[in-house]
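Per our numbering, residue 3 is the first one in the sequence shown, and the count goes up by one each step.
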Amino acid sequence: MHIKPLSEILDKKNYKRLVSELGGKRIWVPKYGNIGFHDREYFELRNKTVISMRKQGMGIDLLSKKYKLSVKSIYNITKGLKPRTSN
Numbered sequence: 003m004h005i006k007p008l009s010e011i012l013d014k015k016n017y018k019r020l021v022s023e024l025g026g027k028r029i030w031v032p033k034y035g036n037i038g039f040h041d042r043e044y045f046e047l048r049n050k051t052v053i054s055m056r057k058q059g060m061g062i063d064l065l066s067k068k069y070k071l072s073v074k075s076i077y078n079i080t081k082g083l084k085p086r087t088s089n
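Structure representation (structure tokens):
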């Protein structure tokens, strides 16, 4: 895969701005359409929803598939929360 230099991708003004702000630092650039494009508010809302659904009894595997997250990520979000059981 050929990676183009940023100077070929960005116009001169934005290239200079990027170098000024981030020059010498490591950054992560998500793939287009990757979940990385979401902001903190998105993740907070998603996590609250995951916790709520877990409390209501939804299983870890189902949450994992629904939100396209690993089982470990669901455990981390719910911090081992057990689903509510009816007696």
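Positions of the beta carbon are idealized from the N, C-alpha and C atoms, including for glycine. Computed from a predicted model, the values in this text were never measured in an experiment.
{"Item": "Below 8 Å between beta carbons: does that hold for Tyr77 and Ile53?", "Value": "no"}
{"Item": "Roughly how many whole angstroms lie between the Cα atoms of Lys70 and Ser9?", "Value": "35 Å"}
{"Item": "Quick check on the burial criterion: 16 or more other C-beta atoms within 10 angstroms. Buried or exposed for Ile19?", "Value": "Checking the displayed sequence, the identity of residue 19 turns out to be Arg instead of Ile. Classification of Arg19: exposed, given that the 10 Å Cβ count is below 16."}
{"Item": "Do the CB positions of Leu47 and Met55 come within less than 8 Å of each other?", "Value": "no"}
{"Item": "Whole angstroms are fine: how far does the CA of Glu43 sit from the CA of Glu23?", "Value": "24 Å"}
{"Item": "Measure how close the beta-carbons of Leu83 and Lys50 come, nearest whole angstrom, since I'm counting them as under 8 Å.", "Value": "Not a contact, Cβ separation roughly 12 Å."}
{"Item": "Exposed or buried, which one is Ile5 when buried takes at least 16 other CB atoms within 10 Å?", "Value": "exposed"}
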